[in-house]
Amino acid sequence: MLDIKEIRFFFIRHGYLLIIAAWLFTFSFLFSNYWSYYSSPQGVKRSLEKSLRQRELAFQDVISDTSLIEHLFSRDQNEEEIKLLGRKDFYIFAYDSSTASRWLVSWSTNLVLPEEWQEPLTPGVRFLKLKNGYYEVICKKLPGKQPGHDRYIVGAIPVMMEYSISNTYLVDHFYDKPALGLEYTVHLKPPGIPVLNGQDLILFYLYYDRTLDAGPPNLLSVILRVLGCICVLIFINLFAAMLARQKNPMYGFFFLLAVILCCRMLSYFYPFPFNLRALNIFTPLIYAKDEVFRSLGDLLINVLLGFWLLLFFREHVKTIKPPVVKNHWQQRLVIILASFIMYIVGEFLSELIRSLVIDSRISFDVANPFSLNEYSIIGFVILGFISFSFLFFSQIINYLLNELTNFRHRTKYIFLAAVGIVWLTFRLQNPEIYYSVAMVIWLIIYVVLLDALSYRFENSLATVPFLFWLFLLTITTSAVLVYYNDQKELSLRERMAVELSKQKDPYVEMLLTDVTRQMEEDELLQLFFQQSTSSTGRSMPRSTLENELKQKYFKGYLGRFNVSFYAFNEYFEPIYGGDTSTFPALSRRMLMGSELIGNELYYNERSFNDYSYIGRKDFYSNGMPSGYLIYELTPAVINTQRLYPELLVDGEIYDPEKESSTAYSYAIYDQGQLVSNNNDFAFPVKLYGVDMPKEDITVQSEKGFSRLIYKASKDKVVIVVKENRSFVEFITLFAYMFCLFLLIIAIYRVLDLLVKARMRIGNLKALINISIRKKVHGTIIFIVVFAFIILGLTTILFFIDRSERENKERLSRTINEVSHDVEKVFADQRMFDDLEDLYDPIFQASLTSAIGEIADERALDINVYDRDGNLQVTTQPLITEKGLLSKKINPDAFMQLYREPKIQWIQKEKIGSMKYLSGYAPLRNNGEIFAYLNVPYFATQTELNQQISNFLVALINFNAFIFLIAGLLALLITNSITKSFSLVTEKLRHVSLGQQNDEIEWEKDDEIGALVKEYNKMVRKLEVSAARLAKSEREGAWREMARQVAHEIKNPLTPMKLSIQYLQRAIDNDAPNVKQLSHNVAHTLVEQIEHLANIASDFSAFSRIDEANSEVLLLNEVLHSLKDLYQSHENCNILFTPPGRAYYIFADKTQMNRLFTNLLQNAVQALPEGRVGHVTIAMEQVEEGWVVVSVEDNGEGIPPEIQPKIFVPNFTTKNSGTGLGLAMCKNIVEQARGEIWFETQLTVGTTFYVRLPLEKV
């Protein structure tokens, strides 16, 4: 385990990360619970009260402006005053009244329904629930100019918007408190926290439902906590890295894996580090696969954690060591298992991509950029990390396979192919078998490329291998995504065809649901059925009932249907005679052959143009049934293409694929005849027998179009056609993914630098080193990207501006045409003698019908206001009935038309979050204005989006091509610029005092030329200095050599001189043993002369080290012969186990013999007296292209103080010797492009290692 001191030092060095995380969590907690206005119910109450009081004071300021008030009552506001009131966050209404009536003179909005104020107007403060929300209503009475006339100023301060319809555009919310969620609601009575106004009067009660408070409540709190978690994770990663470096790489990896698993499990079952499920990204409505990948957020976290583990493994563990196996079949089993793992992981990641595309509501349609949203960006990020994770994992498994197959790539490919075939046999029944075959083939090619072009992530981003792998990953991911996008698109077309085969209209269903609700409160219908069940049996005439119901409920958009009514009493008997349909017969139609689409609302379809909606309403009196009303709507005309605003459709209406539906053309055939089609595709008018599909779903490709044919029934066929743009989509997707991958790598590099710099700018500057090449690359790419952004923005702005102009021009023409038609309707149906009686009920009914026909014909909505701005006729009554708008004209438009009459006025308006154009025009008779026409233009952005999408796709594809061109140009330019630097650098790199240094030839007279001139000048000076230095070194070397030779020669000369002197003295003294002494002296002289000869040989061999005659030789033979040579040595056992393969090297054979002879001789001589020696010779290939030979002895070892001098010439530990043996060995090894080192342990022994490059034979 780690030492306590090491852990303490680690915390001291990296503890700042935990401190930063603690502060981030603390700030997040304080902001969520104390600092923000929504931190607690009391905080929300105080915030609401503050907002109300500020707006109450602003309302008082308006009232105190007498000039503005006078202008309001005289309808004489100027432009500045109109804008001033429009900017207020409350609404102003000016009433003038008399004893007989009151009338609204001015108003600042048409969003609130002023007719809902209580009668009569009383000064004071009230809190009212109106149709579109809750308001504080302040009424102030002002003195009138005439006796009996009073003036009132009413201020409506919105508190909470609460619509009767809920969809994307209409969302319930507190007026100026966007952070408040569903947990807070407004109650008019307790329970709740009382909210006071500026006069300390209770307006309403704020109710807080703790069960709906999921938290964290705001984006800032989430960001702070996420940053805190990142700091903690970096700390954990650094600790695991320390564990891997100092103990064992696998210890660090398993520690990190355990921490990640524990934290992830906690986040699944507990709100750790906070309630993730409160975020939209963690809801299963966007994406869900299974219990592990239960949301898009879970998928993102799991992919990031997996990528983190793989990255840590590559950085610290590097590779998986193959298991030690003794038998070949065991080794093959491990190879097969590793190959299966490769396929399983590939299939799993491919399934993740499929699930991300198919099992989600996320759009990846890059051909339609407006269908992309924040979830699409997250999805692309996930795809990027999945791709890099597979790259890292495959490199690890591939290295394991190489180790298992002893780097015999052909064997590995055979195993991979065999395992792939077995894998495919288990998937023969899978409908996506062709995709699996393609995946197996791709995987084998991919592994071949891994072997051919190995690449590490740490390398420079400008290298060819990096660009190659990035290119390969992008192409592969884009191809897989296009494949699954096509599958999803086909399923979308299938659903579209199924829906087209039906005549169901969601807008009609919503209207009929509302009709049923209104009927419940209809007193006339209640009275009708009560009278029908009474003893008198009197009831209104059938025509009267039908006209009343049609005028009240089945007008406007529902007027395009024929309506039949069937009234029954409590005994299920017809109230009117002559009805051919009985209650049981109608009930059978509803229950047996119809589809239930609402509460007692059914859809019944017999054929394409023969369908109906059937509704039933039960009436009760005193808890007992009093009667039953059944109505049936059948189409009066063939299906028109009239548009209706999505604003009135209740429920979630946004679908990221909806925009793309405009790219389809469809045709509907009934009994072979074309009955309906859209867009400009050339569909045949009639389908013959050969054209009728045999299957329910048939997909065909023809002339660049993909046709889906859906056989809905025996007689009905739906054809949906889409232009086949897979190649364009692939190119666009490639550009997206390529940029995304570059961004991911850039973010990774930035984070890596920040961690290495320990968040310190000084350290960061030291780590950042931008070369000239990178600067040039970056500059060119920046210019390309900048030009792309500027061109894209300006063109998009041009499209938007042109679209707005075209919409206004189109609306202007429409208003002119409609105004003439409406004026003609008025002229044909009414005399203009008395404008006050212009809208009596009888005339208004016929007028509504006539204007409705105009609206149906032109597929638009029409509103007609009287001269006071009151709505009199509308073809879309639900807008006002649902409280989305009042029955007053827009005040800005009214002032433009009333004060300075214009021919027409077009402006932008807004309901909820839906923006639209609205056109106004005065209606005249003989030059006198009698009404105001309004045509709201709910222009969809489809056409504009399609134009922008087409442009962006073309621009992105073109820019991707330009980007590649720019990359190549950047490479060429930087190569041309840096080539000269590289030349100088290369020359400088080879500058040496011991060899001839060439000058650089440079013909250009530029900046580089000046540098080259200085270089050449320095080379010439260096040659002079080198000659002087060489001379000095030679003289020094000769002196040192002479000293060493003199020393070595002097040693044997001394005993020789003494022996001769001793012999001479014995001769002079006539010693009796002169003969014996002569023999001994002669032996000594011969021995010392041989020693002198050895010294001469050693110096001669050392001087000829560089004169090597290299050749390809078998290293096995060299070692084997030396082993045999020393095998007979006494008191020493030589052990050499021949390897299982031949190792060839390129070296001088004589020098190799001398090298290993010296090593063996040193090993034998290192043995102490009395110890049986064991010398082991071993050789093995530890890495590709290199062999290591080891010579191990069991001698005394080498003391630490002399280890640095082992390879120094003339150093020796022996009583005799030149000290050139190991120095010579080192020179021989380096001459053979290898290296030599040793490991020693006192009293145990020493091992010398020689690493040599292998030669391919």
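Residue numbers for the sequence shown follow UniProt numbering, beginning at 1 and rising by one.
Backbone N, C-alpha and C fix where the C-beta goes; we use that ideal spot for every residue, glycine too.
Short of 8 Å from the beta carbon of residue 895, and not among the five residues preceding or following it, lie these beta carbons of its own chain, in chain order: 75, 77 and 82.
Going by C-alpha positions, residue 446 is about 54 Å away from residue 912. Closest option to residue 498, judged by alpha-carbon separation, among 713, 486 and 207: 713. If you draw a straight line from the Cα of residue 623 to the Cα of residue 157, it comes to about 42 Å. By the Cβ neighbour-count rule, residue 679 is exposed, with fewer than 16 other Cβ atoms within 10 Å of its own. Straight-line measurement puts the Cα of residue 755 at about 37 Å from the Cα of residue 730. When DSSP states are grouped into helix, strand and coil, residue 1170 belongs to the coil group. Residue 1158 counts as buried, since no fewer than 16 other beta carbons sit within 10 angstroms of its beta carbon.
Under the 8 Å Cβ criterion, the segment 857–871 does not count as touching the segment 624–632, having fewer than three qualifying pairs. With 16 or more other Cβ atoms from the protein chains shown falling within 10 Å of its own Cβ, residue 489 counts as buried.
Under DSSP, residue 922 takes part in a beta bridge, and its partners are 932.
Taking the CA atoms as reference points, residue 442 sits about 22 Å from residue 382.
With a beta-carbon spacing of about 40 Å, residue 741 and residue 719 fall beyond the 8 Å limit used to define contacts. Three or more beta-carbon pairs separated by less than 8 Å are not found between the segment 10–20 and the segment 192–204, which leaves the two stretches without contact.
Looking at the DSSP output, residue 798 sits in no beta bridge, so it has no partner there. Contact check between the segment 378–398 and the segment 474–485: three or more CB pairs, one atom from each, fall below 8 Å, which counts as touching. Distance from the CA of residue 1242 to the CA of residue 1134, rounded to the nearest whole angstrom, comes to 21 Å. Using a Cβ distance threshold of 7 Å, residue 266 and residue 272 count as a contacting pair. About 7 Å separates the Cβ atoms of residue 664 and residue 496, confirming a contact at the 8 Å cut-off. Here the alpha carbon of residue 380 sits roughly 13 Å from the alpha carbon of residue 732.
Annotation: residue 558 to residue 511 spans about 8 Å, alpha carbon to alpha carbon. When 286, 808, 61 and 814 are compared, the shortest CA-CA separation from residue 90 is found for 61.
Looking at the DSSP output, residue 1236 sits in a beta bridge with 1250.
With a cut-off of 8 Å on Cβ pairs, the segment 244–262 is not in contact with the segment 30–48, counting fewer than three such pairs. For the pair residue 532 and residue 521, the Cα-to-Cα distance works out to about 18 Å. Taking all protein chains shown into account, residue 434 has fewer than 16 neighbouring C-beta atoms within 10 Å of its C-beta and is therefore exposed. Residue 1245 is bridged by DSSP to 1241.
Residue 716 holds the alpha-carbon nearest to the alpha-carbon of residue 606 among 716, 410 and 301. Two segments are said to touch when three or more pairs of C-beta atoms, one from each, lie closer than 8 Å; by this definition the segment 363–371 does not touch the segment 276–294. If you compare the alpha carbons of 666, 695, 675 and 724 with that of residue 704, the shortest gap goes to 724. If you draw a straight line from the Cα of residue 153 to the Cα of residue 95, it is about 6 Å long. Nearest in C-alpha terms to residue 1138, of all of 1163, 1189, 1206 and 979, is 1189. One Cα belongs to residue 897, the other to residue 113, and the distance between them is close to 22 Å. When only Cα atoms are considered, residue 735 and residue 706 end up about 24 Å apart. Between residue 1019 and residue 999, the C-beta gap is smaller than 7 Å, which places the two residues in contact.
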